[in-house]
Amino acid sequence: MANPILTVFTPAFNRSHTLPRTYESLLLQTCKDFVWFIVDDGSTDGTKELVESWIRGGKLDIKYIYQDNQGMHGAHNTAYRNIETELNVCIDSDDYMPEDAVEKIIDLWTERGSEKYAGIVGLDYDVNGRLIGTDFPEGMTETTLSGFYEKGGRGDKKLVYRTDVISKYPEYPMFEGEKYFGLAYKYHLIDQDYRLLTLNEPLVIVDYQPDGSSFGMFRQYWNNPNGFMFFRKSEMKLQKSIASRFRSCIHYVSHCIRAGKKKEFFSNSHPVLTFFALPIGLILYLYTKHQVKKGSLMRIS
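Sequence positions in the sequence shown follow the numbering used here and run 9 to 309.
Below, the structure written as structure tokens:
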């Protein structure tokens, strides 16, 4: 059999209760031209034994790496260092793929893929069959991710990247004691140089978990201020609209306060805009603190 075109990679941390659903969806794919790469980010719940049983079963081409817990972005770094196929797509450990998703990815790339494109952007659906956010407008056959959102697009989208493209941009930075960093960091950088083919089809069925990163974002803000500072600082360099930059400045101020780095308020590409963002950034910091405290009390009671 020829080398597969696509790697479906799955970061997993204590998801042995949801991984079987991902596995079953991959078994049902109408096109088997892919490898499933699981990056086990320090699981202690039997994930390793579960995956080893699937490998022994031989029904899928599975690659497995275990590492100490680094967070989602650390697992992505490991994946990009080790993927060998032309394309890759991340399917989280609590999500799964429609039966024809791999086939649609490969068909579109075979038909229209070229050096011009970083890959493909498709749709996310929820477990009830509803589109998350908006689809791509009629006539939009290609876009950048940021361009889609700037034109009013909404909701998470599923990204399929060329491995040689995503691997040439900086890895996600790691900060001591922090386990979260915005994955969009790389996507924003890629947007400066490449476009994406659009696919108005669901490529993933998303099932947000209560302990997943999509929930509890205030807690993520609170626990990972240095990472968010870095992310917002990078983001404001690339944003085209003043409104978007100002929003990033507000968040940047909030994270500086939380990280105890008020001296770095103006150490960014838009210090004047940051000056005007100071009072709102302080309010956001206080609001985040309140939300985190409220969430902690709710868990205790």
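Heads up, the beta-carbon is just placed ideally off N, CA and C, and yes, glycines get one too.
In this text, all values refer to a predicted model and were calculated from it rather than measured experimentally.
Since residue i and residue j are thought to touch, with beta carbons under 8 Å apart, how far apart are those beta carbons, to the nearest angstrom?
i       : j       : result
Val-300 : Phe-226 : 5 Å
Tyr-260 : Asn-276 : 6 Å
Val-97  : Ile-73  : About 17 Å separates the two Cβ atoms, so there is no contact after all.
Asn-310 : Tyr-180 : Here the chain has residues from 9 to 309 only, and residue 310 is not among them.
Strictly by DSSP, which residues pair up with residue i?
i       : result
Ala-20  : Asp-48
Tyr-202 : The partner list for Tyr-202 (beta bridge, DSSP) is empty, contrary to what the question assumes.
Val-212 : Asp-132
Ile-70  : Trp-44
Lys-166 : Gly-130
Taking the alpha carbon of residue i as the reference point, which residue from the options has its own alpha carbon closest?
i       : options                              : result
Ala-109 : Tyr-72, Pro-210 and Ile-128          : Pro-210
Val-280 : Ile-198, Glu-32 and Met-244          : Met-244
Ile-63  : Gln-75, Thr-282 and Phe-45           : Phe-45
Ala-10  : Thr-18, Asp-41 and Glu-32            : Asp-41
Thr-152 : Thr-86, Lys-194 and Phe-236          : Lys-194
Glu-111 : Asn-232, His-278, Ile-258 and Val-16 : Val-16
His-278 : Ser-262, Asn-232 and Arg-253         : Arg-253
Grouping DSSP H, G and I as helix and E and B as strand, with all else coil, what is residue i?
i       : result
Gly-127 : strand
Tyr-180 : coil
Leu-139 : strand
Tyr-229 : helix
Cys-98  : strand
Glu-150 : strand
Val-300 : helix
Give me, in chain order, the residues of the same chain whose beta-carbon lies closer than 7 Å to that of residue i; leave out the 5 immediate sequence neighbours on both sides.
i       : result
Leu-246 : His-196 and Gln-200
Ser-175 : Tyr-88
Val-135 : Ile-213 and Asp-215
Ile-288 : Ile-258
Val-43  : Pro-12, Thr-15, Asp-69, Lys-71 and Thr-93
Pro-28  : none
Apart from the five residues just before and just after residue i, which ones in its own chain have a Cβ nearer than 6 Å to its Cβ?
i       : result
Leu-207 : Leu-116, Ile-128 and Gly-130
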